[in-house]
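Numbering-wise (this note's numbering), the sequence shown opens with residue 49 and increments by one. Glycine included, every Cβ here is placed at the ideal spot set by N, Cα and C. Computed from a predicted structure; not experimentally measured.
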Amino acid sequence: MRDTIEIAVVTGVTPEVVDAFARLVPQLAPSAGVPDEAQLQAMVRAPGTTLLVARDARRDGRIVGALTLTHLRIPTGLRVTIEDVVVDTASRGAGVGDALTRVALRLAREHGARSVDLTSNPSRESANRLYQRLGFARRETNVYRFDLARNDPARNDLAHDDSARDDTA
49 MRDTIEIAVV TGVTPEVVDA FARLVPQLAP SAGVPDEAQL QAMVRAPGTT LLVARDARRD
109 GRIVGALTLT HLRIPTGLRV TIEDVVVDTA SRGAGVGDAL TRVALRLARE HGARSVDLTS
169 NPSRESANRL YQRLGFARRE TNVYRFDLAR NDPARNDLAH DDSARDDTA
């Protein structure tokens with residue numbers, strides 16, 4: 049089945065790409081909202097972002113999956129992450145996620161990365177098995193999120209905590 053999957057870097061946003069993301073993103077994160085053409089164009093043009101799509105020849109070349117590869121130069125080196133991996137429910141188990149991830153890893157190596165990070169919800173058991181099978185190792189770390197839509201950093205107790213003040217700016 050894998051030989052029917054073709055991975056491509058999105059270099060231009062077509063109606064087909066817009067339609068594919070309208071179908072795929074809700075399968076990944078139903079509350080996230082669907083990116084419109086302008087948002088997809090901004091992603092494709094962003095210098096630190098590579099948007100990959102998977103096409104299935106058995107489904108007339110239809111886009112059946114997507115992955116975002118980000119790379120960012122920071123003081124400790126090149127940080128590369130795989131984000132928003134999604135495979136159409138009708139194509140799961142056919143090697144689409146595997147193919148997308150392998151191409152992303154190859155591109156990361158070509159960018160000069162020494163490692164690639166990703167996060168995956170523990171409830172996505174098959175995705176987690178895939179990542180482990182490909183050689184990703186679970187890291188003992190915490191991932192934190194500050195919800196700017198629900199919290200105002202200026203009103204947060206942190207803003208009044210002198211121990212957290214940034215004197216380097």
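Item, Value
"Quick one: measure Cβ to Cβ for residue 120 and residue 100, integer angstroms, because I've assumed they're closer than 8 Å.", "Not a contact, Cβ separation roughly 17 Å."
"Tell me, which residues are paired with residue 165 by DSSP?", "129"
"Can you tell me which of the three DSSP states residue 189 falls into?", "coil"
"Under 9 Å between the Cβ atoms of residue 179 and residue 163?", "no"
"Could you tell me the alpha carbon to alpha carbon distance between residue 177 and residue 82, rounded to whole angstroms?", "27 Å"
"Just to confirm my understanding: we take residue 174, look at its own chain, exclude 5 residues before and 5 after, and list those with CB closer than 6 Å. What are they?", "none"
"Using the rule of at least 16 other Cβ atoms within 10 Å of the residue's Cβ for burial, across every protein chain shown, is residue 96 buried or exposed?", "exposed"
"Can you find the residues in the same chain that come closer than 8 Å, C-beta to C-beta, to residue 207, ignoring five residues on each side of it along the sequence?", "For residue 207, the pLDDT reaches just 49, beneath the cut-off of 50, and the residue's location in the model is therefore unreliable, leaving the point undetermined."
"Roughly how many angstroms separate the alpha carbons of residue 209 and residue 123, rounded to a whole number?", "Confidence at residue 209 is low in this model, with a pLDDT of 49, below 50, so the placement of that residue is unreliable and no value is reported for it."
"Nearest to residue 172 by CA position, among 141, 194, 196, is which residue?", "141"
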